[in-house]
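When we follow full-length UniProt numbering, the leftmost residue of the sequence shown carries the number 1, and every step to the right adds one.
Please read the structure below before turning to the comments.
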Amino acid sequence: MFLGTHTPRLDDKGRVILPAKFREGLAEGVVITKGQERCLYVFPEGEFARIAESLQQAPMSSKTARAYSRVFFASAHDEVPDKQGRVTIPARLREYAGLDRDLVVIGASNRVEIWNTATWDDYLEASEEAFADIEEGDLPEGL
Numbered sequence: 001m002f003l004g005t006h007t008p009r010l011d012d013k014g015r016v017i018l019p020a021k022f023r024e025g026l027a028e029g030v031v032i033t034k035g036q037e038r039c040l041y042v043f044p045e046g047e048f049a050r051i052a053e054s055l056q057q058a059p060m061s062s063k064t065a066r067a068y069s070r071v072f073f074a075s076a077h078d079e080v081p082d083k084q085g086r087v088t089i090p091a092r093l094r095e096y097a098g099l100d101r102d103l104v105v106i107g108a109s110n111r112v113e114i115w116n117t118a119t120w121d122d123y124l125e126a127s128e129e130a131f132a133d134i135e136e137g138d139l140p141e142g143l
């Protein structure tokens, strides 16, 4: 499980050093793809395969599933982190997420997310009130 908030920097070659506490879970390989809210999702290969299998189970007649799958898979980039725990973020994904030198990398349970610092700050500010107002029944049972 990936937890916490980190603030690494993007180097001149478009690489980011993954937080040390995430490296073991990502060492076998990662898949980086477009996330929602203009962030990037970083999945361990096994988790990406599980999600891919779920999406493949959706009926071809589902317009929503087709649209989501197209964006999700077409933007995906797979890579094995180097010995320093770095991964290269392709230019098209950096542009999508508006990434510059300063980043926010968060643990989001089964995935890691990479955000532009200002976008993350805006998202958090906008989400804080909604987070505080969540009521019983709005989340899965037991939460």
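Idealized CB from N, CA, C, for every residue including glycine.
| task | Under the assumption that L3 contacts G107 (Cβ atoms under 8 Å), give the Cβ distance between them as a whole number of angstroms. | result | 4 Å
| message | If the criterion is Cβ atoms closer than 8 Å, does the pair L103 and T7 meet it? | response | yes
| task | Have a look at the DSSP bridge pairing and note the partners of E79. | result | V30
| query | Where G98 and C39 are concerned, what is the direct C-alpha to C-alpha distance, given to the nearest angstrom? | reply | Rounded to the nearest angstrom, the gap between the Cα atoms of G98 and C39 is 8 Å.
| alpha helix (DSSP H) runs wholly inside the segment 61 to 107, at least 4 long, in chain order | 63 to 74 and 91 to 97
| Environment of V42 [buried if 16+ CB atoms lie within 10 Å] | buried
| said: Less than 7 Å between C-beta atoms, sequence neighbours within five positions excluded: which residues of the same chain meet that for Y123? | reply: Taking Y123 as the centre and dropping the five residues before and after it, the same chain places the C-beta of E37 closer than 7 Å to its C-beta, in chain order.
| With 16 other CB atoms within 10 Å as the buried threshold, where does F22 fall? | buried
| Cβ-based neighbour list, G35, same chain, cut-off 7 Å, excluding 5 preceding and 5 following | Y41 and E113
| task | Whole angstroms is fine: what's the gap from W120's alpha carbon to E129's? | result | 15 Å
| Closest Cα partner of L93 within the set E24, V105 and A76 | A76
| Closest to F72 by CA distance: which of L26, S54, E141 and E136 is it? | S54
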